[in-house]
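Enquirer: Following the UniProt record's numbering, the numbering of the sequence shown begins with 1 at its first residue and continues without gaps. Mind looking over this structure? Questions follow.
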Amino acid sequence: MDIVRTGTKRLKDYREIIPLIEYEKIAKLGEELKGLKVLHINATAFGGGVAEILHTLVPLMNDVGLSAEWRVIAGSQEFFELTKRMHNALQGKEDDLSENDINLFRSITKKNSDIDFGEYDVVVIHDPQPVALPEFVDKKNAKLVWRCHIDTSTPNKKFISFIDSFMKHYDAGIFTLKRYAGQLSVERLYEIPPSIDPLSDKNRELGEEEFKRAIAKLKIDPDKPVITQVSRFDPWKDPKGVVDTYRRLKKDYPDLQLLLIGSMATDDPEGWEVYEDLLRYVGMDYDIKVLTNLNGIGNIEVNAAQRISEVVLQKSLREGFALTVSEALWKNTPVIGGNVGGIPLQIVHGENGYLVNSVGEAIEYTGTLLKDPALRERMGNKGKEIVREKFLITRHLKDYLVLFRDLVR
Ligand code: UDP
Numbered sequence: 001m002d003i004v005r006t007g008t009k010r011l012k013d014y015r016e017i018i019p020l021i022e023y024e025k026i027a028k029l030g031e032e033l034k035g036l037k038v039l040h041i042n043a044t045a046f047g048g049g050v051a052e053i054l055h056t057l058v059p060l061m062n063d064v065g066l067s068a069e070w071r072v073i074a075g076s077q078e079f080f081e082l083t084k085r086m087h088n089a090l091q092g093k094e095d096d097l098s099e100n101d102i103n104l105f106r107s108i109t110k111k112n113s114d115i116d117f118g119e120y121d122v123v124v125i126h127d128p129q130p131v132a133l134p135e136f137v138d139k140k141n142a143k144l145v146w147r148c149h150i151d152t153s154t155p156n157k158k159f160i161s162f163i164d165s166f167m168k169h170y171d172a173g174i175f176t177l178k179r180y181a182g183q184l185s186v187e188r189l190y191e192i193p194p195s196i197d198p199l200s201d202k203n204r205e206l207g208e209e210e211f212k213r214a215i216a217k218l219k220i221d222p223d224k225p226v227i228t229q230v231s232r233f234d235p236w237k238d239p240k241g242v243v244d245t246y247r248r249l250k251k252d253y254p255d256l257q258l259l260l261i262g263s264m265a266t267d268d269p270e271g272w273e274v275y276e277d278l279l280r281y282v283g284m285d286y287d288i289k290v291l292t293n294l295n296g297i298g299n300i301e302v303n304a305a306q307r308i309s310e311v312v313l314q315k316s317l318r319e320g321f322a323l324t325v326s327e328a329l330w331k332n333t334p335v336i337g338g339n340v341g342g343i344p345l346q347i348v349h350g351e352n353g354y355l356v357n358s359v360g361e362a363i364e365y366t367g368t369l370l371k372d373p374a375l376r377e378r379m380g381n382k383g384k385e386i387v388r389e390k391f392l393i394t395r396h397l398k399d400y401l402v403l404f405r406d407l408v409r
């Protein structure tokens, strides 16, 4: 299993961003857990929310005194097609899990079993892709944690019982919301929402020149209004609903521009199909830009897009959490979000954005924000404070440290 190299991060750089009392709590927990050996395992080092978080969480765990490592499993195209189906089915989509599927899942898991859990105190396994590893790797004295980033509260029965068959190996389960665990037989259930890193290239303040360069890459006119959605190319993120919202508003705001930014994750083969379909749906409107990491849209460009937008949309139909919501709120941009999954944790309707249940509502509330700059500013400022209080990586780190302490003492 390949190891992922991360940059370095220092807790002290967050000192001015969070309250002193929080900072001290984290430092103290780090002291208590000094030298604790932790391994995180997931399926991809880039693309999607989990990789995003681990790139900060792992180095911060090291900085506060733990010995943390991150590894990714290797899979085939077929395997990732299956795990994407699994992801969808766990969110409730109709599908059937065949003998062949199960054999493929087991054989790839087995191929990734070249690891000794006995070298670690705690192993955190993220999402379904590596969930079966403990069937093939003896846990020895390690505590095993399954961190599920998906809303599995109303799942496809066959798929959830398959996942449930592995739960007996785990000492604890972490979910974004407790209710996501549904019927899973989890030994100790923890609720830990995800978080964003205020100092990463995705979220930090940008210098003037850097900002201008990024805007140029987005190919938008900065003097005209922009609405944006940033997300993987995935039907659950409802990119067509966003296009429909824009099209209706374009009648009232002829200058309006729409940015659809999506990344292609290595474990998400469905992305290309959705991308091509979206291009056809968008057609010849030059005020819509569909951009990806493949044409140079990286963290700084996403950062700039979330800053320059009048409104950010995250019109998901199902959603685990949606880091993109906190990312935009942190930049004082109000967000219109689908009223699903973890989005209502982040958006208080009418305070820092609006929760919507349909394209009609998305049109209505995006319109409300587009016509009222003062309202946008008020909501944007509230949004930043909500994120500071609840959704920064430092709070996330603290929650993990508390969990580790519970498990090992
Ligand atoms: N992202 C990105 N570029 C893109 C699309 C997405 O950097 O073109 C990032 C986005 O900023 C966020 C993450 O990928 O940090 C997506 O996480 P989220 O929780 O919103 O959704 P997921 O992909 O995990 O369903």
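Idealized CB from N, CA, C, for every residue including glycine.
Within the segment 267–317, note down every full alpha helix (DSSP H) run reaching 4 residues or more, in order along the chain.
Expert: If only uninterrupted alpha helix (DSSP H) runs of at least 4 residues are considered, those enclosed by the segment 267–317 are 270–282, 299–308.
Enquirer: Is any non-hydrogen atom of the ligand UDP found closer than 7 angstroms to the C-beta of Arg-232, if you look at the structure I gave you?
Expert: yes
Enquirer: Give the range of the beta strand (DSSP E) segment to which Ile-336 is assigned.
Expert: Ile-336: member of the beta strand (DSSP E) spanning 335–338, first to last residue.
Enquirer: Is the segment 325–340 touching the segment 366–383 in the sense that three or more CB pairs, one from each, lie closer than 8 angstroms?
Expert: yes
Enquirer: Could you check the C-alpha separation between Thr-6 and Phe-46 for me, to the nearest Å?
Expert: 11 angstroms
Enquirer: What number of angstroms, rounded off, separates the C-alpha of Ile-343 from the C-alpha of Thr-368?
Expert: Rounded to whole angstroms, Ile-343 to Thr-368 spans 20 angstroms at the Cα level.
Enquirer: What would DSSP say about Asp-197, mapped onto helix, strand or coil?
Expert: In this structure, DSSP gives Asp-197 a state outside helix and strand, which the three-state scheme calls coil.
Enquirer: Rounded to whole angstroms, what is the Cα-Cα separation between Val-122 and Phe-136?
Expert: Between Val-122 and Phe-136, the C-alpha separation is close to 17 angstroms.
Enquirer: So for Ala-172, helix, strand or coil by DSSP?
Expert: Strand at Ala-172.
Enquirer: Just the Cα atoms here: how many angstroms apart are residue 483 and Tyr-286?
Expert: An answer regarding residue 483 cannot be provided, because it is not within the stretch 1 to 409 covered by the chain.
Enquirer: Between Gln-346 and the rest of its own chain, which residues show a CB-CB distance below 6 angstroms, the 5 nearest in sequence each way excluded?
Expert: So the list reads Val-325, Ser-326, once near-sequence residues are dropped.
Enquirer: Please tell me whether Leu-260 and Gln-229 are closer than 8 angstroms, where the distance is taken between their beta carbons.
Expert: yes
Enquirer: Kindly identify the DSSP beta-bridge partner or partners of Thr-228.
Expert: Looking at the DSSP assignment, Thr-228 forms a beta bridge with Leu-259, Val-312.
Enquirer: Roughly how many angstroms separate the alpha carbons of Arg-388 and Lys-12, rounded to a whole number?
Expert: For Arg-388 and Lys-12, the gap between their C-alpha atoms comes out near 16 angstroms.
Enquirer: Taking 7 angstroms as the cut-off, is the CB of Ala-43 close to at least one heavy atom of the ligand UDP?
Expert: no
Enquirer: Check whether the Cβ atoms of Ser-200 and Arg-395 lie closer than 8 angstroms to each other.
Expert: no
Enquirer: Using the beta-carbon count (16 or more within 10 Å), is Gly-296 buried or exposed?
Expert: Note on Gly-296: under 16 other CB atoms within 10 angstroms of its CB, so exposed under the neighbour-count rule.
Enquirer: Report the option in Phe-233, Ile-115, Asp-101, Glu-78 whose CA atom is closest to the CA atom of Asp-2.
Expert: Ile-115
Enquirer: Below 7 angstroms, is the gap between the Cβ of Asn-293 and the nearest heavy atom of the ligand UDP?
Expert: Checking every heavy atom of the ligand UDP against the Cβ of Asn-293, one is found closer than 7 angstroms.
Enquirer: Using a threshold of 7 angstroms, is the CB atom of Val-302 nearer than that to any non-hydrogen atom of the ligand UDP?
Expert: yes
Enquirer: What does the Cβ neighbour count give for Asn-203, buried or exposed, with the cut at 16 atoms within 10 Å?
Expert: buried
Enquirer: Just to confirm the assignment: which complete beta strand (DSSP E) runs, minimum length 3, are found wholly within the segment 58–143?
Expert: Note on the segment 58–143: whole beta strand (DSSP E) runs with a minimum of 3 residues are 67–72, 122–126, in chain order.
Enquirer: According to DSSP, is Lys-212 helix, strand or coil?
Expert: helix
Enquirer: Starting from the C-beta of Ser-113, find all residues in its chain whose C-beta is less than 8 angstroms away, skip the five residues before and the five after it, and write them out in chain order.
Expert: Excluding positions up to five away in sequence, the list reads Leu-133, Phe-136, Val-137.
Enquirer: Can you check which of these residues, Pro-239, Tyr-253, Lys-25, is closest to Val-282 by C-alpha distance?
Expert: Pro-239
Enquirer: Near Gly-320, what residues of its chain come up, given a Cβ to Cβ distance below 7 angstroms and the 5 sequence neighbours on each side ignored?
Expert: His-149, Ile-150, Asp-151, Thr-176, Gly-341, Gly-342
Enquirer: Buried or exposed: where does Ile-102 fall if 16 or more other Cβ atoms within 10 Å of its Cβ makes it buried?
Expert: exposed
Enquirer: From this set, Leu-392, Tyr-354, Phe-162, Thr-292, which residue's C-alpha is nearest Asp-96's C-alpha?
Expert: Nearest in C-alpha terms to Asp-96, of all of Leu-392, Tyr-354, Phe-162, Thr-292, is Phe-162.
Enquirer: Please determine, among Val-402, Tyr-275, Pro-235, the residue with the shortest C-alpha to C-alpha distance to Ile-192.
Expert: Val-402
Enquirer: With H, G and I counted as helix, E and B as strand and the rest as coil, what does DSSP make of His-149?
Expert: coil
Enquirer: Please determine, among Ala-74, Asp-277, Val-4, Gly-207, the residue with the shortest C-alpha to C-alpha distance to Gln-129.
Expert: Out of Ala-74, Asp-277, Val-4, Gly-207, Ala-74 has the C-alpha closest to the C-alpha of Gln-129.
Enquirer: Return the chain-ordered list of same chain residues with a C-beta closer than 7 angstroms to the C-beta of Val-290, the five sequence neighbours on each side being excluded.
Expert: Leu-260, Leu-278, Leu-279, Val-282
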